[in-house]
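A quick write-up on the structure given underneath.
Protein chains in written order, with this note's numbering: chain A, 1 to 167; chain B, 168 to 334; chain C, 335 to 501; chain D, 502 to 668; chain E, 669 to 835; chain F, 836 to 1002.
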């Protein structure tokens, strides 16, 4: 599942020895540049995709608004995920591309920080919020859209080093 | 795609006639009971599912924490989704079930309100936040988990009436 | 412990029949005027109380700032308390009085809403935040302050009617 | 009241020389490891404590949810306390223990950061939010619960060094 | 200053009879449709306006992002303004127009609710946040931009009826 | 418009090369002390100013509450401004002065951080929130107040060095 991960993977670190949830102590971890890349898709009817594409040519900019929502969502991650550490993000970039077969919007997010822990959660959350915003903006014409394949593609930095998803 | 929806579906209502985004005027809509049901899954390695199941027998309660995160996430939806109206939710229920083949956790969410607009976004967001919290709590042992199939199953109430997803 | 409460008190309503936490369904409850009154105290050194009293005569207004923090805190209650319903508060009033023997500040809070559920949590949270703000503003001179006796004094409205604490 | 505190304690630092509130300048303070430990209790009827204890054996996990609420509350402290600096917490641990005589839940919180100012406020707030969540989850059976004895036990780190409460 | 306002205007209602701040009791006010319209401008260098206009033709959509920020800002008003009541907004519309002489962007905001109190603060805040977002997005090329003339143009609904600004 | 700024000013940095909005990468910028000073005014009727001045002599402290709102607003800036980086502010100071001709309150804000990017947005936002809070607290007697001249006066720190507004 991973190529270069070295750390032994045998505990859920969000619990202490009594099995109680805590926010893991990262006080002794190094401040390094950490990057996470994630992806996800929202599938829709062909007509819905057509609405999005037409909107982009005018000002009805579904993808532009979803991108902003995703960036703002990245900043709210520690408010949403109970045991996630607050972090000062240094970079968020969200790319949204339409695809025809099957009709969908593909989202790829990159988040970076200089900090003591990784930004996987921020990148995954940004992806989910961006895709959910597309749902919101198109639900008047298509309630059956499905969000799929939200996952981590790659992380770098920190003691555990680089991790990449299987292709 | 829908069984009983009556409203004509030809515009993205989140844009005004100039194609500019706005928060749609719902002032003249009726206050009725509105319910939305959504679902989604997170797929994982068999060992990861095993960790979750063992934790439930002690106090390391991954699913219990994910459920709380999802409920709190439902309340934060208008902070995350730009054009979503603020609503006073009257009920949030999140059910999380493990499945073995393939190894996954299945999330089903029901949200209700007495209000002027529906709660699809709140239910979808709660589902996403619950699943993402599972990712967070298990990522030390499995970074390759995938969130899949997040969608609306059913909505009731309001002028457009009942909508159900295809099976 | 209560004088007029009629409802049978034998379940923790925040759990469903499977014992899983949910946000209780209040959809069928009536919209009535509901009021909650709470109290609490922060005990301190006599010199600390003196600092507060002197500040009030100039512009260093510890109690004024604590009152504002408490009012704003009331509005944030559903963000803090996981299963608390979001409510549109119609009134918040916080009274802060100093006392000499023993040296302390006494806080009494009244919160009201027209809604489907009570505002006990909002009033208790406002009291706690106001008292904690006093701690923050005086901790440079007194780290040993203690917050004590935070409790509900009275609630009115709703199906369960009036409840009052023992004297 | 304190054992090793060296700093002279004669001003409320949250006010400038004109007596106006400001967020104190900590720009020149050192980044050091800072830890705060706090405690508090919620007293209740014996039957209420019994409900909590029974719930823990099934899935109706009052203490587990209170712990999560407290951890999330720690992260929200600068939103609640007006003059509190935003900080990147590196560790939050909340321990909740039941006691029989008198019936109560005891909360002990430890918060740490690597930063320019202490985390007393975060630890005190986490304690208050955890205890208030217990109130919320049990108020259907016991509205007379009382939160008591919320205070700082110990702080370490920073220029003022170690402080410990009297026993 | 007003045409149809009837209420006598002789007290700052955000203070009680002891002169202490409180959140005014609106429990007995009627639920009516209430609308507020506000305006404001940001003045800038001619080259900065040119950047904004060129961006609109591609995807670098300063005004589109400012509009979204303003709408989201409207929803956050009770978090920012201490004594402002939380309200369920039913409509937010932000219009942004560029003007050449002198170079500026003009913002006009309309907010509506069905509620017990008005939405002037929400509309003014949305205007300020939209204009400040334009500052943020253009500050790399023009730090000297000035936000000017933020004011209420009109309010309707409620006991005090219609109010309009002088021309 | 600027005296010492060195950086060439020809791009809106909040867009990438495809013209899509992103949160600019500041990962390679130095951590330095950064300060921003901003100003703004709210103009009002003479009677309104009189109300504010009388309130200050008792406890109805409009300016004290506005100052607290501004400080808390500074901390919320990254929640409001979409592409603004989250920052750990080290100092916020808000000065509010009344003036008679014409009747107004003048606000001057200073914000500092040790960080990788500047705090202009935090200082501008704090100024706007403080002035808007004055509007809220006085709107019962004066709906025609106008917020004017909100701008950056000076920034120091970072690669671009010192910038000062024209007098």
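The beta-carbon is built from N, C-alpha and C at its ideal position, and this holds for glycine as well.
Chain-ordered chain B contacts of residue i [CB-CB under 7 Å]
i, result
"residue 574/D", "By Cβ distance, chain B contributes nothing, its closest Cβ being about 11 Å from residue 574/D, past 7 Å."
"residue 701/E", "194"
Coil, strand or helix - residue i by DSSP
i, result
"residue 684/E", "coil"
"residue 697/E", "coil"
"residue 9/A", "Residue confidence for residue 9/A is low, a pLDDT of 39 falling below 50, so the modelled location carries little weight; the figure read from the coordinates is stated next. Three-state result, residue 9/A: coil."
"residue 1/A", "Note that residue 1/A has pLDDT 36, beneath the 50 cutoff, so the model's placement of it is unreliable and the number below is only indicative. If DSSP states are grouped into helix, strand and coil, residue 1/A belongs with coil."
"residue 600/D", "strand"
"residue 729/E", "coil"
"residue 218/B", "helix"
"residue 775/E", "strand"
"residue 903/F", "helix"
"residue 240/B", "helix"
"residue 123/A", "helix"
"residue 188/B", "strand"
"residue 588/D", "coil"
"residue 582/D", "coil"
"residue 279/B", "strand"
Whole-number beta carbon distance between residue j and residue i, since they are thought to touch under 8 Å
i, j, result
"residue 372/C", "residue 486/C", "5 Å"
"residue 279/B", "residue 202/B", "5 Å"
"residue 887/F", "residue 898/F", "7 Å"
"residue 699/E", "residue 735/E", "With a Cβ gap of about 29 Å, residue 699/E and residue 735/E do not count as contacting."
"residue 701/E", "residue 825/E", "5 Å"
"residue 969/F", "residue 750/E", "So it is not a contact: roughly 11 Å between Cβ atoms."
Within 8 Å, strictly: CB atoms of residue i and residue j
i, j, result
"residue 815/E", "residue 723/E", "no"
"residue 361/C", "residue 258/B", "yes"
"residue 737/E", "residue 959/F", "no"
"residue 627/D", "residue 544/D", "no"
"residue 78/A", "residue 656/D", "no"
"residue 449/C", "residue 421/C", "yes"
"residue 955/F", "residue 807/E", "yes"
"residue 14/A", "residue 312/B", "no"
"residue 574/D", "residue 630/D", "yes"
"residue 717/E", "residue 766/E", "yes"
"residue 166/A", "residue 729/E", "no"
Environment of residue i [buried if 16+ CB atoms lie within 10 Å]
i, result
"residue 345/C", "exposed"
"residue 355/C", "buried"
"residue 477/C", "buried"
"residue 4/A", "In this predicted model, residue 4/A has a pLDDT of only 38, less than 50, meaning its place in the structure is not dependable; the value taken from the coordinates is given anyway. With fewer than 16 other Cβ atoms within 10 Å, it is exposed."
"residue 508/D", "Only weak support is given to the placement of residue 508/D: the predicted model assigns it a pLDDT of 37, under 50, and the value that follows is read from those uncertain coordinates. The residue is exposed, with fewer than 16 neighbouring Cβ atoms inside 10 Å."
"residue 176/B", "Its pLDDT being 39, under 50, residue 176/B is placed unreliably in this model, and the value from its coordinates should be taken loosely. With 16 or more Cβ atoms within 10 Å of its Cβ, residue 176/B is classed as buried."
"residue 444/C", "buried"
"residue 936/F", "exposed"
"residue 882/F", "exposed"
"residue 502/D", "Low confidence applies here, because residue 502/D scores a pLDDT of 35, under 50, leaving its location unreliable; read the following figure in that light. So residue 502/D counts as exposed."
8 Å Cβ cut-off: residues of chain E touching residue i
i, result
"residue 252/B", "756, 757, 758"
Partner residues on chain E for residue i, Cβ-Cβ distance less than 9 Å
i, result
"residue 188/B", "732, 735, 736, 739, 762"
Near the ligand COA: residue i beta-carbon under 7 Å from a heavy atom
i, result
"residue 242/B", "Ligands displayed in this structure: none; no statement on the ligand COA is therefore possible."
Neighbour list for residue i in chain D, Cβ cutoff strictly below 9 Å
i, result
"residue 102/A", "Ordered by position in chain D, no residue passes the 9 Å Cβ test against residue 102/A, which lies about 39 Å from the chain."
"residue 454/C", "636, 637, 640, 644"
Beta-carbon neighbours of residue i, restricted to chain D and to distances below 7 Å
i, result
"residue 947/F", "526, 528"
"residue 412/C", "Simply none; closest approach about 10 Å."
Closer than 9 Å at the beta carbon, the chain B residues around residue i
i, result
"residue 450/C", "255, 257, 281"
Chain-ordered chain C contacts of residue i [CB-CB under 8 Å]
i, result
"residue 684/E", "427"
"residue 514/D", "474"
8 Å Cβ cut-off: residues of chain B touching residue i
i, result
"residue 146/A", "316, 317, 318"
Residue i: contacting residues in chain A (beta-carbon distance under 7 Å)
i, result
"residue 295/B", "128, 132"
Proximal chain E residues relative to residue i, where beta-carbon distance stays under 7 Å
i, result
"residue 1040/F", "As displayed, chain F neither begins before 836 nor continues past 1002, which places residue 1040/F out of reach and without an answer."
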